[in-house]
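Heads up: the sequence shown begins at 1 in this note's numbering, then just goes up one per residue. Note that the Cβ used here is the ideal one computed from N, Cα and C, for glycine as well. Comments concern the structure below.
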Amino acid sequence: MIMGISGNHDANKSDYVEQMKEKRALDRAEKAKEAEKGENGAKTAEKISPRHDEYISSEKAAPESSGLYRLGEDENGERKIFFDDPSKSDDGNEKTQPKVNSDGAEKSEETCRGNTDKVDREIRKLKEKKQQLEQKIQAASGDEEKVRELEKKLAQVESELRQKDTDAYRRQHTTFS
């Protein structure tokens, strides 16, 4: 189904714009009349002014800055960005730097090590079992019952291997020390 639209759309857009301009002009005129009717006509007329952006020079702006950033080193000697808040240190002489223990005897952080050796052993055993079953299947190619049994075991081992040989399984079964 094809629909055709005829007419000049640009005229509709300009009509809307003109209507909005007229509406704003009427609103301003009504506000001005209300201001004149008020007791303090001069004071309220001053309050109603058209909204516009105004440039505020740096002389009028607040003299204090919002803060200073500097590049420094943290406790571990890595680069870090520090913020010097002027409201906290009213004295210009005070610089807040992180305190570093020179002897390093007291550490507030604990270091943990993740160990996945147990999971790796499980996976290695399953892979070895899979290889052994594949070899047994090739060796017992004449006996069909034995081949079916071995293929069932092989399918179980493969599914278990697919389940355990993933990052999620390793993360879940990691031991931390």
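Sub-8 Å separation of residue i and residue j beta-carbons
i	j	result
V119	Y69	no
L71	I81	yes
Whole-Å CB distance - residue i paired with residue j, under 8 Å assumed
i	j	result
G114	T174	5 Å
K136	L161	Going by Cβ atoms, the distance from K136 to L161 rounds to 17 Å, so no, they are not a contact pair.
Cα-Cα separation between residue i and residue j, rounded to whole angstroms
i	j	result
D74	S87	22 Å
Q19	A25	10 Å
Q156	L126	10 Å
E134	E149	12 Å
K31	K23	12 Å
K164	D85	52 Å
D143	K152	15 Å
G92	D53	Here G92 scores only 49 on pLDDT, less than 50, and its place in the model is too uncertain to base an answer on.
S65	R28	Confidence in S65 is poor, its pLDDT being 48 and thus under 50, which makes the residue's placement unreliable; the coordinate value appears in the next sentence. If I take the Cα positions, the gap works out to 39 Å.
E94	G77	With a pLDDT of 49 at E94, under the threshold of 50, the modelled position of that residue is not reliable, and the figure given next carries that caveat. Each residue's Cα considered, the two are about 22 Å apart.
K33	D15	27 Å
A139	E145	13 Å
P50	V17	19 Å
Q132	L154	9 Å
R121	E158	16 Å
Residues of its chain near residue i, where Cβ-Cβ distance is below 8 Å and the 5 sequence neighbours each way are ignored
i	result
R79	L71, G72, E73
S141	V147
I123	L161, K164, D165
Own chain, CB closer than 6 Å to residue i, minus 5 neighbours either side, in chain order
i	result
C112	F176
7 Å Cβ shell around residue i - same chain, five flanking residues per side excluded
i	result
T116	R170, T174
Subject >> Inside the region 102–163 only - beta strand (DSSP E) runs reaching at least 3 residues >> reply: Annotation note: the region 102–163 contains no uninterrupted beta strand (DSSP E) run of length 3 or greater.
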